[in-house]
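Participant: Residue numbers (the numbering used here): -9 to 207.
Just so it is clear, CB atoms sit at the ideal spot from N, CA and C, and this is done for glycine as well.
For clarity, every value in this text was computed on a predicted model and none was experimentally measured.
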Ligand code: E4P
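1. Beta strand (DSSP E) containing residue 74: first to last residue?
2. Compute the beta-carbon to beta-carbon distance between residue 137 and residue 150, rounded to the nearest angstrom, for a pair I have assumed lies under 8 angstroms.
3. Please determine, among 43, 41, 40 and 61, the residue with the shortest C-alpha to C-alpha distance to residue 50.
4. Locate the beta strand (DSSP E) running through residue 151, then write down its first and last residues.
5. Mind checking which residues open and close the alpha helix (DSSP H) that includes residue 195?
6. Using the Cα positions of residue 156 and residue 85, report the straight-line distance between them to the nearest angstrom.
7. What residue does the beta strand (DSSP E) around residue 95 start on, and which one ends it?
8. If the criterion is Cβ atoms closer than 8 angstroms, does the pair residue 45 and residue 95 meet it?
9. Could you check whether residue -5 and residue 2 sit closer than 8 angstroms to each other, using their CB atoms as the reference points?
10. Under 7 angstroms: does the beta carbon of residue 205 sit that close to some heavy atom of ligand 1?
11. Alpha carbons only, please: which of 142, 34 and -8 is nearest the one belonging to residue -2?
12. Tell whether a beta-carbon distance below 8 angstroms holds between residue 71 and residue 56.
13. Hey, residue 171 and residue -8 are a contact pair by Cβ (cut 8 angstroms); roughly how many whole angstroms apart?
Structure representation (structure tokens):
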């Protein structure tokens, strides 16, 4: 499963890139606001750091302006993925961009039928928001199961990019279901490294090593 960082914070992306674990980055207007940075500048800097897909979201809601924004954003770098909302105009834009071989991520997906439409419109990625569904007492992961089944039934190549991840169990369940990718907030990504038995075991090994009086270097 591919790991994308769900952030527009350069320093966090730089550190994660060094682990080799990062396959891409997703941003949205709220993450850009949180970064306090100029949108076009920060997207360019992220693309300079990351080789994989970097999602940049259009903010227009009508087809003509969405296409203009998308073409401007896609000129920033080869690895830009245009994020469009799951609306009729968004899917028209998706179809046009995919015909031009520009990758599209359809965002704000909350139903399997929406995911089916996005795949038919040629989306490279669909972003189902599991956390926001859980927040309203719906089963976010059941949506991922449904989309996996539907895409496999028809051989759609659209990648399921699980979004709105809130905790490590979301990552585990997405991997069990066979989602293609998960976009993960950096604090959740860091939690994946940790296990209390790892910390306890390392502490014991280091204590015993110290008592041998030996050094490696
Ligand atoms: C990523 O593509 C989404 O915009 C993001 O995962 C949404 O997460 P949130 O529901 O925590 O805002």
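Facilitator: Once the coordinates are examined:
1. Looking up residue 74 in the chain shown gives position 84. Where residue 74 is concerned, the enclosing beta strand (DSSP E) stretches over 70 to 75.
2. Position 147 of the chain shown holds residue 137. Position 160 of the chain shown holds residue 150. Between residue 150 and residue 137 the Cβ distance is about 5 angstroms, and since that is below 8 angstroms, they are a contact.
3. Counting from 1 along the chain shown, the entry for residue 50 is found at position 60. Checking every option, the nearest Cα to that of residue 50 belongs to 61.
4. Locating residue 151 in the chain shown gives position 161, counting from the first residue. It spans 149 to 152 - the beta strand (DSSP E) in which residue 151 sits, taken as one unbroken run.
5. As a working mapping, residue 195 is identified with position 205 in the chain shown. Its alpha helix (DSSP H) spans residues 186 to 202.
6. The residue labelled residue 156 in the question sits at position 166 within the chain shown. The residue labelled residue 85 in the question sits at position 95 within the chain shown. Taking the straight line from one Cα to the other gives about 31 angstroms.
7. One-based indexing of the chain shown puts residue 95 at position 105. Element bounds for residue 95: 94 to 99.
8. Here residue 45 refers to the residue found at position 55 when the chain shown is read from its first residue. Here residue 95 refers to the residue found at position 105 when the chain shown is read from its first residue. It is a contact, given that the beta carbons lie within the stated cut-off.
9. Mapped onto the chain shown, residue 2 falls at position 12. Mapped onto the chain shown, residue -5 falls at position 5. Their beta carbons are under 8 angstroms apart, which means residue 2 touches residue -5 by this criterion.
10. Residue mapping note: residue 205 aligns to position 215 of the chain shown, counting from 1. No, Cβ of residue 205 sits at least 7 angstroms from all heavy atoms of ligand 1.
11. Position 8 of the chain shown, counted from the first residue, corresponds to residue -2. Considering only alpha carbons, the answer is 34.
12. Residue mapping note: residue 71 aligns to position 81 of the chain shown, counting from 1. Residue mapping note: residue 56 aligns to position 66 of the chain shown, counting from 1. Going by C-beta atoms, residue 71 is not nearer than 8 angstroms to residue 56.
13. Counting from 1 along the chain shown, the entry for residue 171 is found at position 181. Counting from 1 along the chain shown, the entry for residue -8 is found at position 2. Residue 171 to residue -8, Cβ: 4 angstroms. Contact.
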